[in-house]
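In what follows, a single structure is set out as structure tokens and then discussed.
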Amino acid sequence: MERRVIQVSGMSCSHCNEAVKRAVGRLPGISFVDADYRENKVVIEYDPGATDLEAVYRAIEEEGYQVVAR
Numbered sequence: 001m002e003r004r005v006i007q008v009s010g011m012s013c014s015h016c017n018e019a020v021k022r023a024v025g026r027l028p029g030i031s032f033v034d035a036d037y038r039e040n041k042v043v044i045e046y047d048p049g050a051t052d053l054e055a056v057y058r059a060i061e062e063e064g065y066q067v068v069a070r
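In structure tokens:
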């Protein structure tokens, strides 16, 4: 498992946190996900053999938020 902190812009409330957590949590290989709109970050633990970061970034962006740095 690897841990990654992803900087995200556009989250503004707890609903945003839940939307991102739900979208990323559906991906295979994700064992942990937390989102914090106050700090503009998403923290994940994932199995790189089961999913890749691009899939995580897409899931976040499909919810309407922007990944700041890849």
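Reminder that position 52 of the sequence shown reads as 52 in this note's numbering, one-by-one numbering, no gaps. Idealized CB from N, CA, C, for every residue including glycine.
Sequence-distant residues of the same chain with beta carbon closer than 6 angstroms to residue i, five excluded per side
i   : result
A16 : According to the sequence as given, residue 16 is Cys; it is not Ala. These residues qualify, in order along the chain: Y37.
V43 : V5 and D34
E62 : none
Whole-angstrom C-beta distance between residue j and residue i, which should lie under 8 angstroms
i   : j   : result
V67 : V20 : So it is not a contact: roughly 11 angstroms between Cβ atoms.
A59 : A35 : No, A59 and A35 are not in contact; Cβ-Cβ is about 11 angstroms, not under 8 angstroms.
S31 : E54 : That pair is no contact at about 18 angstroms.
A50 : G64 : Actually they do not touch by this definition, with Cβ atoms about 25 angstroms apart.
Buried or exposed (CB count within 10 angstroms, at least 16 for buried), residue i
i  : result
M1 : exposed
Close Cβ partners of residue i (< 8 angstroms) along its chain, the five nearest in sequence each way excluded
i   : result
S14 : Y37
G25 : V33
For residue i, the residue or residues it bridges with in DSSP
i   : result
E18 : E18 pairs with nothing; no bridge assigned.
I6  : V42
A35 : V42
7 angstroms CB neighbourhood of residue i in its chain, flanking five on each side removed
i   : result
Y57 : V67 and R70
L27 : T51, A55, V56 and A59
N40 : Q7, V8, S9 and M11
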